[in-house]
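For the sequence shown, UniProt numbering assigns the number 1 to the initial residue and increments by one for each residue that follows. Note sheet for the following structure.
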Amino acid sequence: MGAESTARQLHDGSQKATATLPQDLASRFRHLAKLYLGQDVGDKIIKIATRQPPEEGWYPHRTFGGDNYAYKYEPAAWWTAGFFPGNIWKVYERSLHRQQSYSSQDILDQALRWQKGLEPAQYDTSTHDLGFMILPSFYSHYRLCGNEASKQVVLNAAKSLSSRWSETVQSLRSWDRVVTKRLNITDTETNFLVIADNMMNLDLLYLASEMTGDPEYARRATIHARTSIKHIIRDDYSTYHLVNFDPATGAVKAKYTVQGYADESAWARGQAWALYGYATVYKHTRDPEFLDVARRLGAYFCRRVEETCPAGAVWWDFDAPVQGSGIRDTSAAMAACSGMLLLYELTGLCEMLGTVATILEYTVSQSRVAGSDTVVVGATVNANKDALTPSWETGLVYADYYFLEVGNRMLELGFCD
Numbered sequence: 001m002g003a004e005s006t007a008r009q010l011h012d013g014s015q016k017a018t019a020t021l022p023q024d025l026a027s028r029f030r031h032l033a034k035l036y037l038g039q040d041v042g043d044k045i046i047k048i049a050t051r052q053p054p055e056e057g058w059y060p061h062r063t064f065g066g067d068n069y070a071y072k073y074e075p076a077a078w079w080t081a082g083f084f085p086g087n088i089w090k091v092y093e094r095s096l097h098r099q100q101s102y103s104s105q106d107i108l109d110q111a112l113r114w115q116k117g118l119e120p121a122q123y124d125t126s127t128h129d130l131g132f133m134i135l136p137s138f139y140s141h142y143r144l145c146g147n148e149a150s151k152q153v154v155l156n157a158a159k160s161l162s163s164r165w166s167e168t169v170q171s172l173r174s175w176d177r178v179v180t181k182r183l184n185i186t187d188t189e190t191n192f193l194v195i196a197d198n199m200m201n202l203d204l205l206y207l208a209s210e211m212t213g214d215p216e217y218a219r220r221a222t223i224h225a226r227t228s229i230k231h232i233i234r235d236d237y238s239t240y241h242l243v244n245f246d247p248a249t250g251a252v253k254a255k256y257t258v259q260g261y262a263d264e265s266a267w268a269r270g271q272a273w274a275l276y277g278y279a280t281v282y283k284h285t286r287d288p289e290f291l292d293v294a295r296r297l298g299a300y301f302c303r304r305v306e307e308t309c310p311a312g313a314v315w316w317d318f319d320a321p322v323q324g325s326g327i328r329d330t331s332a333a334m335a336a337c338s339g340m341l342l343l344y345e346l347t348g349l350c351e352m353l354g355t356v357a358t359i360l361e362y363t364v365s366q367s368r369v370a371g372s373d374t375v376v377v378g379a380t381v382n383a384n385k386d387a388l389t390p391s392w393e394t395g396l397v398y399a400d401y402y403f404l405e406v407g408n409r410m411l412e413l414g415f416c417d
């Protein structure tokens with residue numbers, strides 16, 4: 001499992017996809033692949049990587065906002081810290097198949113330098129975000145280079161995440177607390193908080209089962225996914241952001257949308273996390289129930305984009321009032337597109353790819369600023385009126401991560417000349 005075999009897999013995968021697409025759609029994706037895989041994308045990431053952070057052990061998070069496109073950094077314990085090392089790994093992976101401005105070895109050296117400070121997270125039992133924090137870097141190191149030490153980091157992180165399991169609630173605890181201008185839920189003895197985002201961290205548990213042969217990790221991930229179908233996904237296949245359960249009984253106490261417009265609205269990034277998460281669960285289980293859910297979540301996302309902005313902008317919440325140009329969220333756009341490309345890779349069904357292409361075209365043409373530290377701007381962390389620290393229309397490290405992942409998926413699928 002090294003660089004040569006990975007490059008060969010990418011080449012083999014490049015033979016299989018575009019022949020299944022209508023000619024006009026295949027042409028659109030070939031053009032998009034040139035833009036998403038451009039050397040300028042990798043150059044941006046490596047340029048930031050070679051800079052020293054303002055404080056040792058801090059990681060890029062988002063840009064400051066307004067016309068200030070410089071990165072704001074956060075400590076390694078922050079949930080987004082794993083994405084920037086992951087960005088470097090995405091560039092390294094594409095360097096094995098396409099020439100970059102920097103050598104693969106130089107890129108690898110930066111990836112290893114940046115992931116080093118994340119090692120303590122493997123033992124953190126206070127967060128559900130270990131998939132986000134560990135997989136983009138340490139699993140990439142194991143997958144691409146066969147590094148056994150990084151494999152062990154992944155397994156330790158899975159054990160830490162699994163410690164948040166409740167057999168009563170049939171879920172992993174996401175947050176220990178939520179505090180906004182409206183909510184103040186801090187008692188873990190009487191509250192058990194589960195969010196849609198948690199679907200993205202189940203991959204860590206499935207991988208641990210595959211690596212160790214221990215089925216318990218996968219069992220918990222699958223049951224969590226089924227619990228979220230019951231309680232996070234609405235009848236129309238939009239999603240709640242947060243469900244609060246009674247930890248003693250497993251009963252639902254309340255449902256909220258903390259980072260979206262309103263409790264009953266459709267927060268775009270939550271929808272993206274869910275559709276991507278269920279596509280991943282299907283990848284590991286091959287259970288048709290999860291494929292059906294992922295497709296329905298994706299269909300809802302596509303329909304709302306087509307209704308609210310046929311040009312391809314993804315608003316931060318599909319039900320938020322659009323004043324002027326509206327508030328976009330490129331992180332939702334990129335995560336959703338990556339999840340829908342994963343569905344295509346798994347099934348060969350191209351039902352969503354027309355909308356995916358439209359979103360990708362809009363993003364690459366309307367959401368890039370030459371002087372930004374990030375590849376794309378127009379991302380929204382939280383524009384809820386009760387947020388203590390609202391942030392919208394900035395560059396955001398995980399918008400870049402999924403932008404890069406989209407490019408790599410197009411490379412693997414053969415959407416390039």
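By construction, the Cβ of each residue, glycine as well, lies at the ideal position given by its N, Cα and C atoms. Note that the structure is a prediction, hence the values are computed from the model and not measured.
Starting from the N-terminal side, write out each stretch of the beta strand (DSSP E) that is 3 residues or longer and does not extend beyond the region 191 to 243. Taking 3 residues as the minimum length, the beta strand (DSSP E) runs contained wholly in the region 191 to 243 are 192 to 195, in order along the chain.
Does the beta-carbon distance from residue 94 to residue 407 come in below 8 Å? As a working note, residue 94 is residue 94 in the sequence shown. As a working note, residue 407 is residue 407 in the sequence shown. Yes, the pair counts as a contact, with Cβ atoms nearer than the cut-off.
By DSSP, does residue 70 sit in helix, in strand, or in coil? Numbered from its first residue, the sequence shown carries residue 70 at position 70. Residue 70 falls in the strand class under three-state DSSP.
What ranges does the alpha helix (DSSP H) occupy inside the region 306 to 363, keeping only unbroken runs of at least 4 residues that lie completely in it? The DSSP assignment places 330 to 347 as complete runs of the alpha helix (DSSP H) inside the region 306 to 363, in order along the chain (cut-off: 4 residues).
According to DSSP, simplified to helix, strand and coil, what is residue 253? Locating residue 253 in the sequence shown gives position 253, where the first residue counts as 1. Residue 253 falls in the strand class under three-state DSSP.
Own chain, CB closer than 7 Å to residue 250, minus 5 neighbours either side, in chain order: For this step, residue 250 is matched to residue 250 along the sequence shown. Within the same chain, residue 250 has close Cβ partners 168, 169, 170.
Can you list, in chain order, the residues of its chain whose CB lies under 7 Å from that of residue 398, leaving out five sequence neighbours each side? The sequence position of residue 398 within the sequence shown is 398, counting from 1. Short of 7 Å from the beta carbon of residue 398, and not among the five residues preceding or following it, lie these beta carbons of its own chain, in chain order: 80, 83, 331.
My output table needs one value for residue 3: the three-state DSSP class, helix, strand or coil. As a working note, residue 3 is residue 3 in the sequence shown. Note that residue 3 scores 46 on pLDDT, short of 50, meaning its location in the model is unreliable; the coordinates nonetheless yield the value given after this. Reduced to three states, the DSSP call for residue 3 is helix.
Expected contact under 8 Å - CB spacing of residue 137 and residue 85 to nearest Å: Within the sequence shown, residue 137 is the residue found at index 137, counting from 1. Within the sequence shown, residue 85 is the residue found at index 85, counting from 1. Under the criterion of beta carbons closer than 8 Å, residue 137 and residue 85 qualify as touching, at roughly 4 Å.
Using DSSP with H/G/I as helix, E/B as strand and the rest coil, what is residue 62? Walking along the sequence shown from the start, residue 62 turns up at place 62. Residue 62: strand per DSSP, three-state reduction.
With a threshold of 8 Å on Cβ separation, who are the neighbours of residue 78 within its own chain once the five nearest residues in sequence on each side are excluded? Here residue 78 refers to the residue found at position 78 of the sequence shown. Answer for residue 78: 59, 61, listed in chain order.
Distance, residue 150 Cα to residue 142 Cα: The residue given as residue 142 occupies position 142 in the sequence shown. The residue given as residue 150 occupies position 150 in the sequence shown. In a straight line, the C-alpha of residue 142 is about 6 Å away from that of residue 150.
The alpha helix (DSSP H) that contains residue 56, what's its start and end? The residue you call residue 56 lines up with position 56 of the sequence shown. Element bounds for residue 56: n/a, residue is neither H nor E.
First and last residue of the uninterrupted alpha helix (DSSP H) at residue 159: For this step, residue 159 is matched to residue 159 along the sequence shown. Run containing residue 159: 148 to 162, per the alpha helix (DSSP H) assignment.
Under the three-state reduction of DSSP, which class applies to residue 279: helix, strand or coil? On the sequence shown, position 279 is the one that residue 279 refers to. Three-state DSSP puts residue 279 in a helix.
Does the Cβ-Cβ distance between residue 421 and residue 41 come in under 8 Å? With the chain running from 1 to 417 in the structure shown, residue 421 is simply not present.
Supposed close pair residue 208, residue 155 - CB separation, criterion 8 Å: Translated into the one-based positions of the sequence shown, residue 208 becomes position 208. Translated into the one-based positions of the sequence shown, residue 155 becomes position 155. 6 Å between Cβ atoms; contact.
Is it right to say residue 99 is buried, meaning 16 or more other beta carbons lie within 10 angstroms of its own, or is it exposed? Indexing the sequence shown from 1 puts residue 99 at position 99. Residue 99 comes out exposed.
Nonlocal neighbours in the same chain, by C-beta distance under 7 Å from residue 306, ignoring five residues either side: Counting from one through the sequence shown, the residue named residue 306 turns up at place 306. Residues of the same chain with a CB within less than 7 Å of the CB of residue 306, apart from the 5 flanking positions on each side, are 355 in chain order.
Per-residue DSSP class, three states only, for residue 75: Sequence index remark: in the sequence shown, residue 75 carries index 75 (1-based). In the structure shown, residue 75 sits in a strand (DSSP, three-state: E or B).
Residue(s) in a DSSP beta bridge with residue 87: As a working mapping, residue 87 is identified with position 87 in the sequence shown. Paired residues: none, contrary to the question.
Sequence-distant residues of its chain with Cβ nearer than 6 Å to residue 239 (five each side left out): If you number the sequence shown from 1, residue 239 lands on position 239. 196, 232, 233, 270, 271, 274.
Beta bridge counterpart(s) of residue 175 as assigned by DSSP: Taking the first residue of the sequence shown as position 1, residue 175 is located at position 175. Partner(s): 193.
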